[in-house]
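Enquirer:
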Amino acid sequence: MELLHSMKSEGHEPNVVTYNIFIDGLCKHGEIERVMELLYSMESEGHEPNVVTYNILIDGMCKHGEIERAMELLHSMKSEGHEPSVVTYNILIDCLCKHGEIERAMELLHSMKSEGHEPDVVTYNILIDGLCKHGEIDWAMNLLHCMKSEGHEPNVVTYNTLIDGLCKYGEIERAMELLHSMLSEGHKPDVVTCNILIDGLCKNVEFEKVKELVHSMIPQWYEPNAVTYSNLIVNLCKNGETAKAKELLYSIISSMIFEGQSLMS
21 MELLHSMKSE GHEPNVVTYN IFIDGLCKHG EIERVMELLY SMESEGHEPN VVTYNILIDG
81 MCKHGEIERA MELLHSMKSE GHEPSVVTYN ILIDCLCKHG EIERAMELLH SMKSEGHEPD
141 VVTYNILIDG LCKHGEIDWA MNLLHCMKSE GHEPNVVTYN TLIDGLCKYG EIERAMELLH
201 SMLSEGHKPD VVTCNILIDG LCKNVEFEKV KELVHSMIPQ WYEPNAVTYS NLIVNLCKNG
261 ETAKAKELLY SIISSMIFEG QSLMS
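Heads up: the sequence shown runs through residues 21 to 285, numbered per the numbering used here.
In structure tokens:
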């Protein structure tokens, strides 16, 4: 703040970008009260805050547990004629989800839409993750169908989040169905998808499905590497399947020797 006063005393007029930098720094140090003072000072000197200013403030409040103040700031922002962006809503929805305020997060989504603000894939991913973490799997699946029906294309993060949620709640069949749906719609699974499935299938003692996944499916998506196999072996051991882990390890070594590959590749 001394630097800001020094700038002014030397005749250097700060602009909105300057204020945003100072506000961001104060927010990162949890100085919310000083931030609000700076905002009022900024406005009183004729410097209009922009959407970035509000996003920094709202994010800072959310990160320091000031949910209600962040929501109030959204309303103030709108009442003063400043249009929130999708980033503004995503920050607030993420904060509400992390604090278990799922109903309010969904209400904010509907409010956002009704005011003509289009959610993006990040908005849906935040909500789907929040729903899955609070055991609302069916609601999360409905949200996937909703986003697709509204023309929003899910990405691999969307599918990974849902598959992980389904696996954690023992919904293995639905997780595999979603995987096939993902593939049929042209979305390629990544290493995270595979690790989620391996972990979920092992924990639910679905070793035949693990075998199918490793030998038939994963090689179609990417070249399995030491990390993929290590994850599988660790999961088998964790679930008391040391014999299967040894069998798999010998099988991998034999296969790689035959193909001239290295476990370190």
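Note that CB positions come from ideal geometry on N, CA and C, so glycine has one too. All values reported here derive from a predicted model rather than from experimental measurement.
From this set, 222, 212, 257, 268, which residue's C-alpha is nearest residue 235's C-alpha?
Expert: As a working mapping, residue 235 is identified with position 215 in the sequence shown. Nearest option by C-alpha distance: 268.
Enquirer: My understanding is that residue 152 touches residue 112, with C-beta atoms under 8 Å, so please give their C-beta distance in whole angstroms.
Expert: Position 132 of the sequence shown, counting from 1, holds the residue named residue 152. Position 92 of the sequence shown, counting from 1, holds the residue named residue 112. Not confirmed; about 19 Å, so no contact.
Enquirer: Three-state secondary structure (DSSP) at residue 105?
Expert: To locate residue 105, count along the sequence shown from 1; it is residue 85. Three-state DSSP puts residue 105 in coil, outside helix and strand.
Enquirer: Taking C-alpha atoms, which residue in 124, 44, 192 lies nearest to residue 77?
Expert: Residue mapping note: residue 77 aligns to position 57 of the sequence shown, counting from 1. Closest by alpha carbon: 44.
Enquirer: Leaving out five residues on either side along the sequence, give the residues of the same chain with a beta carbon under 6 Å from the beta carbon of residue 258.
Expert: Numbered from 1 along the sequence shown, position 238 holds the residue referred to as residue 258. Same-chain partners within the cutoff: there are none.
Enquirer: When burial is assigned at 16 or more other CB atoms within 10 Å of the CB, is residue 246 buried or exposed?
Expert: Numbered from its first residue, the sequence shown carries residue 246 at position 226. Burial call: exposed.
Enquirer: Determine the burial state of residue 279: buried for a count of at least 16 other Cβ atoms within 10 Å of its Cβ, exposed for fewer.
Expert: Working through the sequence shown from its first residue, we reach residue 279 at position 259. At residue 279 the pLDDT is 47, less than 50, meaning the model places this residue with poor confidence; the figure from the coordinates comes in the next sentence. So residue 279 counts as exposed.
Enquirer: With a threshold of 6 Å on Cβ separation, who are the neighbours of residue 118 within its own chain once the five nearest residues in sequence on each side are excluded?
Expert: The residue labelled residue 118 in the question sits at position 98 within the sequence shown. Result list for residue 118: empty, nothing under 6 Å.
Enquirer: What's the call for residue 35, buried or exposed, on a 16-neighbour Cβ count within 10 Å?
Expert: Start at 1 with the first residue of the sequence shown, and residue 35 comes out as number 15. Exposed: under 16 other Cβ atoms inside 10 Å.
Enquirer: Relative to the alpha-carbon of residue 207, which residue among 37, 177, 136 has its alpha-carbon at the smallest distance?
Expert: By one-based count along the sequence shown, residue 207 stands at place 187. Of 37, 177, 136, the residue nearest in Cα terms is 177.
Enquirer: When the Cβ atoms of the segment 217-224 are set against those of the segment 248-267, are three or more pairs found closer than 8 Å?
Expert: yes
Enquirer: Just to confirm, is the Cβ distance from residue 184 to residue 146 under 8 Å?
Expert: To locate residue 184, count along the sequence shown from 1; it is residue 164. To locate residue 146, count along the sequence shown from 1; it is residue 126. No, the pair does not count as a contact, with Cβ atoms beyond the cut-off.
Enquirer: Quick one: give me the first and last residue of the alpha helix (DSSP H) that residue 242 is part of.
Expert: If you number the sequence shown from 1, residue 242 lands on position 222. Membership of residue 242 in any alpha helix (DSSP H) is not indicated, and neither H nor E is assigned to it by DSSP.
Enquirer: Among the candidates 101, 74, 141, whose CA atom is the shortest distance from the CA of residue 93?
Expert: Taking the first residue of the sequence shown as 1, we reach residue 93 at position 73. Of 101, 74, 141, the residue nearest in Cα terms is 74.
Enquirer: Taking the straight line between their C-alpha atoms, what separation do you get for residue 63 and residue 69?
Expert: Here the question's residue 63 lines up with position 43 in the sequence shown. Here the question's residue 69 lines up with position 49 in the sequence shown. Cα-Cα distance, rounded: 7 Å.
Enquirer: Spatial neighbours of residue 128 within its chain, please: CB distance less than 7 Å, with the 5 preceding and 5 following residues excluded, ordered by chain position.
Expert: If you number the sequence shown from 1, residue 128 lands on position 108. Same-chain partners within the cutoff: 109, 112, 113, 116.
Enquirer: How many angstroms separate the CA atom of residue 107 from the CA atom of residue 132?
Expert: If you number the sequence shown from 1, residue 107 lands on position 87. If you number the sequence shown from 1, residue 132 lands on position 112. The straight-line gap from Cα to Cα measures roughly 11 Å.
Enquirer: Taking 8 Å as the threshold (C-beta atoms), are residue 181 and residue 157 in contact?
Expert: Numbered from 1 along the sequence shown, position 137 holds the residue referred to as residue 157. Numbered from 1 along the sequence shown, position 161 holds the residue referred to as residue 181. Not in contact: residue 157 and residue 181 (Cβ atoms no closer than 8 Å).
Enquirer: Which residue marks the beginning of the alpha helix (DSSP H) containing residue 99, and which one marks its end?
Expert: Against the sequence shown, residue 99 aligns to sequence position 79. Counting along the chain, the alpha helix (DSSP H) containing residue 99 begins and ends at 87-99.
Enquirer: The alpha helix (DSSP H) spanning residue 205 covers which residue range?
Expert: On the sequence shown, residue 205 is found 185 positions in, with the first residue counted as 1. Per DSSP, residue 205 belongs to no alpha helix (DSSP H) and is neither H nor E.
Enquirer: If you draw a straight line from the C-alpha of residue 199 to the C-alpha of residue 248, how long is it?
Expert: In the sequence shown, residue 199 corresponds to position 179, counting from 1. In the sequence shown, residue 248 corresponds to position 228, counting from 1. Each residue's alpha carbon lies about 18 Å from the other.
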